[in-house]
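Q:
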Amino acid sequence: MSELIFSKSRPGRRCTVIPKCDVPKADIPHELLRETAPGLPEIAEVDLVRHYTNLSRRAFGVDNGFYPLGSCTMKYNPKVNEEAAALRSFTGIHPLQPPESVQGALQVMGVLSDCLREITGMNAISLQPAAGAHGEFAALVMIKAYLLDHGQPDRTKLIVPDSAHGTNPASAAMCGFEVVNIPSTADGLVDLDALKSAVGDDTAALMLTNPNTVGKFDTNIGEIADIVHGAGGLLYYDGANLNAIMGIARPGDMGFDAIHLNLHKTFSTPHGGGGPGSGPVGCNAKLAPYLPSPAVTVKDGGYAFTSPEKSVGMLKSFYGNFLVCVKALAYILTLGADGLREASENAVLNANYMQENLRGAYDVPFPGHCMHEFVLSLELLKKETGVTAADIAKGLIDRGVHPPTMYFPLIVHEALMLEPTETESRETLDHAIAALKELRQMAAESPQALHDAPVTTPVGRPDETAAVRNPVLRA
Amino acid sequence: MSYIPNTIAERKEMLGSIGVSSVEELFAAIPENLRLKGRMNLPQAKTEFEVLSELTALSEKNTLFKTCFRGAGAYRHYIPSVVRSLASREEFVTAYTPYQPELSQGVLQSIFEYQTVICELTGMDASNAGVYDGAQAAAEAIAMFRERKRTKAVVSAAIRPMTLSVIKTYCRAADCALTIVPARDGVTDLAALKAALDGETAAVYMEQPNYYGIVENAAGIADAAHGAGAKLIMGGHPISLAVLKTPAEYSADAAVGEGQPLGMPLSFGGPYLGFMAVKARDMRRLPGRIVGKTADAQGRDAYVLTLQAREQHIRREKAVSSICSNEALCSLTAAVYCAAMGKEGLRDAANQCHAKAKYAAEQIASIDGFGMKFGGFFFCEFVTSCPVPADRVMDALAKQNILGGLPIKIDGEDCILWCVTEVNTKAEIDALTKILKEVIY
């Protein structure tokens, strides 16, 4: 185990020292002072460096190994993107500088927005949301404003398939919508009859991920759009799975009115151990006046900030996670139209290759080809051997592979959801396939070994119940 | 360049093993009429060299001011080299949210240490792993304290305008009433605040120091809020907390704020970091990720994402918030920064911010027409009048590679919101005053 930085602290040790104050010292009135200094570490630079270097050795990123975490698109993050985002005239500019002094930054935002419009087929984009769930919230806030503006305050229900990401219903609730869950068919698609009976004049929108979370493209999307629009509702696209269809099909052409994207997934800006991400919101012409403010527009041959006519306002300070946008633009410029399509094709190829090679060893609950990800069900395996999806996942850790997404989507019991992405070689896929098959065998022969996995990590499975029962949240 | 390792020949073999002859067959589920005809209209693919040249050229269209006297929600502080170096380690940068604790102890421990740092700075008991930024943290905090019978929020007009704008968006979305209490003499009007509170008020939000840089009568505001049975949420500048009274000492119920000053460059507004901390009694109301300490079967210390029953992936529509990805690498950056500055270093930076701001204020206010707009103790920002159109001042400063304070209007009058931090030297402040004198003559 790794000692906390606070226990490495020794009174009087220093790391960085700032220059001596060159103006007269100014006293702060006693009644405004805190009683004791905050207990920050006192540590030498070398020990600080070793502390975090050692922590980094107990972390696992795409640069360490294969990371087939379903719905998270853990593709390789090119280094040039980081270099572009570290340019001093990007990192050093103040967000409240006059527009004429930040034309380069505004152009980055303008060009990126144009690219994203083309990739998605939407009319307008705002880069302000900081993450996927934030973009989703933005879209719902816009939909709500649109409905109120059009005299339809009674459209209070959001329809969400039972395969949806948890952020969908949570964002809906933050906007005061009532969530109506509808079941999926045995094929994992939207149940059209259930949808037909769910829509009505109280429908605000349907929230849909396509390809969906079981890795299937919902082939009925045209009819779904007709049903929702026919009832006067709107259609929202969760962009978590866009990596399957770039250059092949576009949410705008499928009839979606609003979307969000995850630049940290599809456009390879890294995920940083949980962020920062970027979750642009896009929409068609009828929702465009409601986009967050400010928007970047071309004006008099330059770029300027404007406020969309009926803007819902701001979702965060300033304009979004700008440096993440720089990385996404670097990625799009590198790949171009053909490269993005090639990325999607190979993401789908790699997923199908894995799915096909695992069929037989594991239960693939949905028939046919998948898109960029697929789901295995270990329900039967658990019944037969007592080995769970989590046990197999932990076994993978001992074989150098980051586990897939576990226990999601909720409609598949003992689910493992794998998304290999396009940036993995055949050998990497073969290694993971072999590991999964070996684990399947172990489940039958020595289940206890899997219950005990992982054994190669600095710690074994933490006691999560104890963590909740007796929360220790700080040193 | 698509970063795809497999060669065309390998892809063919893989297709064969799937039992299809072309990749198109894998996309059969997409109806023909929905397929994109032709290619996307995007810029031609470029090499790494060309992309870097193009983006470098774009970056150079920006003016990188040598000297900066502008804050207003984004602050230039010294960032030790060790911060960027450690926060750039690829194991941290290319990891996902630490869903697999055994593989992610490093990330989890870094968040646990971050949470501890935020608790130390704010005096609170429990911090989450961070949210998108300071403004959104304020909006999330209001949502966190809303109850069935207490749904209204009351905020001071002396907070940052962007924070107010974000709070408005979130409150409007949730159909929750929001009352804005006017500012008087640059601080929250306490009498108006008291009048705005009632039995339906869930929370009061204030900033300390406020938008104008002034330290508020937070004890008075806390008494008023608590007297009405409402919670007090205090926003703040994290470096000021190295010396100024903490939100906990003012008996605030939540401390939130913009974490950017803790080692993040200005970056045209993002990525930044929203910090959020509460008293122990409210820890289960916090939104977002929280890391807790526990043990594995062998009794070894282990860190995990915990109290997840609050979160969207478990509670779905009953969750406190939909936040999923946050700003984890920025939280790590903040923790490294605080350790690099250390207990003494952060106090030194905070004291210098105030000393230099005070010196600058005295110098500027001594110039005809640039008087201090408000009294009251300020930390590192202050407002002066501006006797000429503010644009003229800003242009004159820009010519000398200086980004002046932010022009703002107060009661229709041209004013300037200045910010001075430890990175501004006496020579820079003296040069600034010299230019201001020249502008008015």
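Read top to bottom, the protein sequences are chains D and W. Taking the working numbering, the leading residue of the first sequence gets 133, the next gets one more, and so forth. Taking the working numbering, the leading residue of the second sequence gets 1267, the next gets one more, and so forth. Heads up, the beta-carbon is just placed ideally off N, CA and C, and yes, glycines get one too.
Are aspartate 385(D) and glycine 253(D) touching if we call contact CB-CB under 8 Å?
A: yes
Q: Leaving out five residues on either side along the sequence, give the residues of the same chain with a beta carbon under 6 Å from the beta carbon of threonine 207(D).
A: In the sequence as displayed, the identity of residue 207(D) is lysine instead of threonine. Excluding five sequence positions before and after lysine 207(D), the CB atoms of its chain that fall closer than 6 Å to its own CB belong to Ser400, Thr553 and Thr555, given in chain order.
Q: So the alpha helix (DSSP H) histidine 1620(W) belongs to, where does it begin and stop?
A: 1594 to 1631
Q: Does the distance from the C-beta atom of glutamate 441(D) to that of proline 424(D) stay below 8 Å?
A: no
Q: When the cut-off is 8 Å and only beta carbons count, does threonine 1691(W) lie next to chain D?
A: yes
Q: Name, please, each residue of chain D whose Cβ falls closer than 7 Å to the Cβ of aspartate 1441(W).
A: Gly308
Q: Mind pulling the beta strand (DSSP E) runs of 3 or more residues that sit fully within the stretch 282 to 324 of chain D?
A: 289 to 293 and 310 to 314
Q: Taking C-beta pairs closer than 8 Å, name the residues in chain B that asparagine 1667(W) reaches, listed in chain order.
A: This model lacks chain B altogether; the protein chains it does include are D and W.
Q: Spatial neighbours of glycine 1495(W) within its chain, please: C-beta separation below 7 Å, excluding the five flanking residues on both sides.
A: Gly1465
Q: Who does asparagine 1299(W) pair with in a DSSP beta bridge?
A: Asparagine 1299(W) is not bridged by DSSP to any residue.
Q: Exposed or buried, glycine 362(D), counting other C-beta atoms within 10 Å across all chains shown (16 or more means buried)?
A: exposed
Q: Is the separation between the beta-carbon of leucine 1510(W) and that of phenylalanine 1645(W) shorter than 8 Å?
A: yes
Q: Would you call arginine 1576(W) buried or exposed, if buried means 16 or more other Cβ atoms sit within 10 Å of its Cβ?
A: buried
Q: Looking at chain W, which residues of the stretch 178 to 204 of chain D have a Cβ within less than 9 Å of any of its Cβ atoms?
A: Leu180, Val181, His183, Tyr184, Thr185, Asn186, Leu187, Ser188, Arg189, Arg190, Ala191, Phe192, Gly193, Val194, Asp195, Asn196, Tyr199, Leu201 and Cys204
Q: Thinking C-alpha only, which one of Arg606(D), Gln235(D), Gln487(D) and Ala218(D) is nearest leucine 561(D)?
A: Gln487(D)
Q: For a minimum of 3 consecutive residues, which ranges assigned as the beta strand (DSSP E) are wholly contained in the stretch 1434 to 1483 of chain W?
A: 1444 to 1447 and 1467 to 1474
Q: Could you spell out where the beta strand (DSSP E) holding threonine 335(D) opens and where it closes?
A: 335 to 341
Q: Buried or exposed, going by whether 16 or more other CB atoms sit within 10 Å of the CB of valine 178(D)?
A: Label assigned to valine 178(D): exposed.
Q: How would you call proline 499(D), buried or exposed, if buried means at least 16 neighbouring beta carbons within 10 angstroms?
A: exposed
Q: In chain order, what residues of the same chain have a beta carbon less than 6 Å from the beta carbon of alanine 337(D), not counting five sequence neighbours either side?
A: Ile275, Leu290, Gly365, Leu366 and Tyr368
Q: Checking contacts by CB at 8 Å: is arginine 1450(W) closer than that to chain D?
A: no
Q: Tell me, to the nearest whole angstrom, how far the beta carbon of aspartate 1451(W) is from that of glycine 1671(W); I am working on the premise that it is less than 8 Å.
A: Actually they do not touch by this definition, with Cβ atoms about 19 Å apart.
Q: Which chain W residues sit within Cβ distance under 8 Å of cysteine 415(D)?
A: Residues of chain W passing the Cβ test: none, with the nearest at roughly 16 Å.
Q: Measure the Cβ-Cβ separation of alanine 1395(W) and alanine 1520(W) and say whether it is below 8 Å.
A: no
Q: Closest to isoleucine 1580(W) by C-alpha separation, out of Lys157(D), Glu268(D), Pro301(D) and Gly236(D), would be which residue?
A: Taking only the C-alpha atoms, the option nearest isoleucine 1580(W) is Pro301(D).
Q: Check this for me: beta carbons of glycine 371(D) and asparagine 394(D), under 8 Å apart or not?
A: yes
Q: From the DSSP secondary-structure annotation, give me the bridge partner or partners of glycine 434(D).
A: Lys431(D)
Q: Taking glutamine 1578(W) and lysine 448(D) to be in contact with their CB atoms under 8 Å, please state how far apart those CB atoms are, rounded to whole angstroms.
A: Contact doesn't hold; Cβ gap of about 18 Å is too wide.
Q: Nearest by alpha-carbon distance to alanine 493(D): which of Ala460(D), Lys418(D), Ser443(D) and Gln573(D) is it?
A: Gln573(D)
Q: Among Pro536(D), Leu187(D), Ile150(D) and Val212(D), whose alpha-carbon lies nearest the alpha-carbon of tyrosine 1269(W)?
A: It is Val212(D).
Q: Spatial neighbours of histidine 1503(W) within its chain, please: C-beta separation below 6 Å, excluding the five flanking residues on both sides.
A: none
Q: For tyrosine 369(D), decide whether its Cβ has a neighbour in chain W, counting only Cβ atoms nearer than 8 Å.
A: no
Q: Compare the C-beta of cysteine 1646(W) against all C-beta atoms of chain D and say whether one is closer than 8 Å.
A: no
Q: Please name the residue in Ala1407(W), Val1286(W), Met1428(W) and Tyr1398(W) whose C-alpha comes closest to that of arginine 1551(W).
A: Ala1407(W)
Q: Against valine 1570(W), what residues of chain D qualify as contacts under a CB-to-CB distance less than 7 Å, listed in chain order?
A: Pro594, Glu596 and Ala599
Q: Kindly list, in the order they appear in chain W, the residues whose Cβ is closer than 8 Å to that of lysine 276(D).
A: Listed by position along chain W, the residues whose Cβ is nearer than 8 Å to that of lysine 276(D) are Ala1439.
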